[in-house]
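Reading through the structure tokens given below for one structure.
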Amino acid sequence: EFVKKDPFRPHRTRPANGRSSNPSGKCGVELTAKDNPALYAAIDSWYGTPYLYGGCSKEGVDCSCFVGHIFREVYGVNLHRVANDIQQDVTLISRDRLREGDIVFFTNGNGKVSHVGIYLKDDMFVHSSTSSGVIISTLSNSYWNQHFYKGGRHSKVKTKY
């Protein structure tokens, strides 16, 4: 089975101390003691699922349903179903304050939030991309950087960062 990879996704990251740690299954992110293994296990179970507008299953999923599934499974939090409405569930924050488990919001040409993902670390986020399905991308990619709107933090999401 072929899974299309995001050309902007780093295959592995290393902790600051340079020592290798446990890579997370399919998505290939190396985990440190600060990372939430339940989050990465949930991502792995969806990784490579194709994008489907309005889809909400492992046969095909859109961005907001993917984020909603992960939040329910990992954090026990129910979010609104539509990307733009998820803003109501969080406190908006700036990009420089992002930490694992925050939601990242992106706008389309008319300024409305049209895409969401979940911030991981090291400028990486996971999302259901229209072209590649559930993948990890980097915010420094020119497209995502240009369309980034805000981050969002849910009060029930706790991290070690």
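Add 1242 to a position in the sequence shown, counting from 1, and you land on the number used in the numbering used here.
Using N, Cα and C, we set each Cβ at its ideal position, and we do this for glycine too.
All values derive from a computational prediction rather than experimental measurement.
Note the first and the last residue of the continuous alpha helix (DSSP H) segment covering residue i.
i: residue 1282; result: 1279-1288
i: residue 1312; result: 1305-1312
Apply the 10 Å Cβ neighbour rule to residue i and answer buried if 16 or more other Cβ atoms are within range, or exposed otherwise.
i: residue 1267; result: exposed
i: residue 1277; result: buried
i: residue 1361; result: buried
i: residue 1400; result: exposed
i: residue 1398; result: exposed
i: residue 1333; result: exposed
Taking DSSP as the reference, what is the three-state secondary structure of residue i?
i: residue 1269; result: coil
i: residue 1297; result: coil
i: residue 1322; result: coil
i: residue 1433; result: Because the chain is modelled from 1243 through 1403, residue 1433 falls outside the range shown and cannot be assessed.
i: residue 1389; result: helix
i: residue 1337; result: helix
i: residue 1397; result: coil
Do residue j and residue i come within 8 Å of each other at the CB atom, strictly closer than that value?
i: residue 1403; j: residue 1341; result: yes
i: residue 1325; j: residue 1369; result: no
i: residue 1319; j: residue 1284; result: no
i: residue 1394; j: residue 1312; result: no
At which residues does the beta strand (DSSP E) containing residue i begin and terminate?
i: residue 1211; result: Past the boundaries of the shown model lies residue 1211; the chain is included only from 1243 to 1403, so the question cannot be answered.
i: residue 1380; result: 1375-1380
i: residue 1368; result: 1366-1371
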